[in-house]
Structures are given as structure tokens and as C-alpha cells.
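A short worksheet on the structure shown next.
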Amino acid sequence: MRDKLSDRVLKLKGSATLGINSKVKELKRKGIDVINLSVGEPDFDTPIPIKEEAISGIREGFTKYTEPEGTFELREVICEKLLRENSLSYTPEQIVVSNGAKHSIFNTLLATLNPGDEVIIPAPYWVSYPAMVKIAGGKPVFCKWNDEFKIDIDHLKSLINKRTKLIILNSPCNPTGIVYTRKELEEIAEIIVENNILCISDEIYEKIVYDVEHVSIASIDEEVKRRTILVNGVSKAFAMTGWRIGYIAADIEISKAVKKIQSHTTSCPSSVSQKAAISAIKWYSDISKIMVEKFKRRRDYIIRNISEKIPYLQPQGTFYIFLNIGNSDSEKVAKKLLEEKHVAVVPGKDFGAEGFLRVSFATDIENIKEGIKRINEFAEENL
């Protein structure tokens, strides 16, 4: 039946991170002791009070369709959060709640791209950005990084042309853990406004930062805010990856367009998950601090104990550390590391950064200790 598949899907590569997780599960079923450092979700459970709110919703019969853009109550709570935490003023009509931040980004691309429109994606990038752009009919264009693994401004300027529609900005960044400063965002914002382009600002790791401040590019000024589609959700901050709640905050015309698309695809986000999200955002906004403290201790352990043969980029946010393996083929190294030492990591090639490995510290400290021990042994033998 392969001949019946669309050209669109035949050109796509499956998600590297999800593929690695499948391989890990397969090895574990065979009884192999695999240390999984490829995971892209917090290892903590959703806090009990948030789960209880969802259970109450089920018992009360809150199990029907909601508005396509999410309930008014949830959108109102999101507006309050954005004002309280980000100094950004939005109305509930500017908010569209979707089935995860990934869905929010995909909806936005479908709502804004015409065939052949170009989307600038700064490398290293999250693996799904290029695929989503292609599915939506756009063309991904990759921007180089500077010495700090942030956008090379000169290269960014050189990429912009009449076909450029969007830039995707991710801060804190998966896979590198870098966080943009206000000054750096102001420089990017100036380019966005001067060239009349839009910005998707993926801020899903907003609360997972270490000794730095998260700044939303939408907070630079009103004109930048008008051009920014802010994307966030509850997955990372509240350990709610499986609940699938993300959202955009955007100009009203973009919000209406995204709502229209969602009404014809998923109809609406899960009603029960929306109940839980209201509780998380309204009452438990500080709960992520407990996770962040543990993530920081894990990050610091890796920094203190990783082999001197492996340079690294110290993450300011997220729960990933990017390891430099020089000129080595990252796919081959990751495959060999899994086969010989039974440690799963993600090749940098999948993030547009050959010669690197992404290591997740979203697992307990004992796994991290054993994983780093095995990685160091591997480095002594192979790097």
C-alpha cells in the first residue's frame, strides 16, 4: 500500500526522540538494563491536587465537547497568568487552547503559511519544527548559531527575503538549554519588525531555568507582541505531558484562524484535561520550583562528573545538556553507546547539530550517576 501514501508523508522522517524511546522499551522487554537519557518529559508525577480536579470534573459530568478554542474559564486563567508572570495583556478571545504546545505550533503554521512560504528555524532546533513546516506547505530555512549557540544575527539577516513569513524562536531552547536575554531578544525583535515577519515564540520550558530570567519576546513592545504567536502549555512546568494542553496567545486575526482550523480537526481539547489545566495554572504556578531545584542538582552533578574528553554547553534552562563529540558521526556514536553501554541519548544530527549528543537529566539521580559512568567509560574507549 506504500504507493497509496502521499508524497508529503513519504518525505517525512519519524520523530527521532520517540523512535529512540521505542528502541529503549524493546531492549527493556528483553531484560537489558538500559539507562534512558533521551527522555523529553519530566520524570515527576502530575501533582495530586491537579489530578483530583480532573477526577472531580469526570464525576460532575464535565466530559462533553467544549468550545473549539477551549473553555472561557481556562482562557481567562491563561490571560491572568500571562499578565501576572509575563506582564502581557491579552483577552480570552486571543487565546486558543490546543492538544499540546506541538499542536498549537502546527495549527499556527497551517493558519499562516501558503505553499512555498519560508520559515526561519535557528539551529540547533527541536526535531519537529522542520517536519511541521513541511507538512503545512512551507519551506524550512536554517539559521546558523554563534559561539554561544544562539542565533547568528548576520546570518539571520542574510536569510530574509520576500518569501520569509515566520521565524521560530525557542527560549529556553531544546536541545541546548540556552536562554535568550532581553537585550538579545530586542535585537531579534528589531529584525522581525523591520522585515514585516511573524514570530512563533515557543516558551514551553519557561519555568525550567537556572539562575537566569525567562523573558518573552512578546514583552519587548506592542508592535513585537502583535507579530508574536506566543506558545506555551502545562506539559513541562506541571509534569503533565500526557494531558495534552497547550495554547497560543496572539493577534485576534491569527487566533480566529487557528480556532477555525481546530474546529475542523480535533474539535476541541480534552474537557477533563482543561479542568486540570485550570487548577495547575491558577493555583499551583509555583509548584515547578520543586522540580527545578531537583533538575539543577542533577545538572550540576553531570557538570562535575562528565569526562574531560567531552566538552559540553552548560544549560541555563530545560533539562538537557548538549555534549560535544567533535567530528564524530552522532548517529553512529548514539547507536554504539546504546548497543555497547546500554545508554540512550539523542544524536545531534536530528537537531541540525552534527557532532553533538543531547542528554536528558529528566530521570532520577541514580540513573544519571550510572548513565554518566557508562558515558565516561565509552568516551575513554571511543573518543
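Residue 1 is where the sequence shown starts when you use our numbering, and the numbers rise one by one after that.
In this text, a Cβ means the ideal position worked out from N, Cα and C, and glycines have one as well.
Note that the coordinates shown come from a computational prediction; the quantities given were computed from them, not determined experimentally.
The alpha helix (DSSP H) that contains residue i, what's its start and end?
i	result
Phe72	72 to 86
Leu166	Looking at the DSSP string, Leu166 is not in any alpha helix (DSSP H); the run it does join, the beta strand (DSSP E), is 164 to 170.
Thr17	16 to 29
Asn174	It is not in any alpha helix (DSSP H) - Asn174 carries neither H nor E in the DSSP assignment.
Glu370	365 to 382
Asp154	153 to 159
Tyr129	128 to 135
Val193	182 to 194
Just to confirm the assignment, what range does the beta strand (DSSP E) spanning residue i have?
i	result
Gly246	246 to 249
Leu10	Here Leu10 belongs to no beta strand (DSSP E); instead the alpha helix (DSSP H) covers 7 to 10.
Ser360	356 to 360
Spatial neighbours of residue i within its chain, please: CB distance less than 7 Å, with the 5 preceding and 5 following residues excluded, ordered by chain position.
i	result
Glu93	Ile252, Ser255
Arg298	Phe361, Ile365, Ile368
Asp350	Ala16, Val127
Glu186	Ile220
If we ignore side chains and look at the alpha-carbon of each, how far apart do residue i and residue j end up?
i	j	result
Arg8	Tyr210	40 Å
Leu74	Asn305	43 Å
Glu148	Pro49	40 Å
Phe72	Ile95	9 Å
Thr108	Ile135	12 Å
Phe62	Leu198	37 Å
Ile372	Ala280	34 Å
Ala189	Thr228	9 Å
Ser330	Pro175	14 Å
In chain order, what residues of the same chain have a beta carbon less than 6 Å from the beta carbon of residue i, not counting five sequence neighbours either side?
i	result
Glu370	Ile35
Ile287	Pro47
Asn376	Ser307
Leu156	Cys143
Asn146	Asp152
Ala257	Ala111
Asp202	Asn170, Val231
Leu12	Ala131
Going by C-alpha to C-alpha distance, which of the options sits closest to residue i?
i	options	result
Lys183	Lys150, Thr46, Gly177, Tyr205	Lys150
Asp33	Val333, Ile197, Lys23, Thr71	Lys23
Glu26	Pro68, Glu339, Val333	Glu339
Thr164	Glu41, Leu113, Pro175	Leu113
Pro311	Arg358, Lys289, Ile281	Arg358
Lys162	Arg59, Lys260, Ile120, Ser128	Ile120
Leu389	Ala334, Val346, Asp364, Ile368	Summary: the structure shown does not reach residue 389, with the chain confined to residues 1 through 383, and so no result is reported for it.
Val180	Arg244, Thr318, Glu60, Thr91	Rather than Val, the amino acid found at residue 180 in this sequence is Tyr. The shortest Cα separation from Tyr180 among Arg244, Thr318, Glu60, Thr91 belongs to Thr318.
Leu10	Ala131, Val97, Glu41	Ala131
Ser171	Gly138, Lys139, Lys207	Lys207
Lys332	Ala344, Phe322, Ile321	Ala344
Thr137	Ala123, Pro115, Ser158	A small correction: the amino acid at residue 137 is Gly; Thr does not occupy that position in the sequence shown. Closest option to Gly137, Cα to Cα, is Pro115.
Glu41	Leu337, Tyr320, Lys51, Gly352	Tyr320
Asp154	Phe322, Trp243, Pro122, Arg374	Pro122
Please report the Cβ distance between residue i and residue j, rounded to the nearest whole angstrom; I am assuming they are in contact, meaning their Cβ atoms lie under 8 Å.
i	j	result
Gly100	Ser235	6 Å
Val212	Gln316	5 Å
Ile160	Asn195	5 Å
Near residue i, what residues of its chain come up, given a Cβ to Cβ distance below 8 Å and the 5 sequence neighbours on each side ignored?
i	result
Leu88	Leu82, Ser216, Ala218, Ser219, Lys225, Leu230, Ala249
Asn327	Gly355
Ala379	Ser307, Lys309, Ile310
Using 8 Å as the cut-off, classify the Cβ of residue i as near or not near the heavy atoms of the ligand ATP, replying yes or no.
i	result
Leu159	What this structure holds is no ligand at all, so the ligand ATP is not there to describe.
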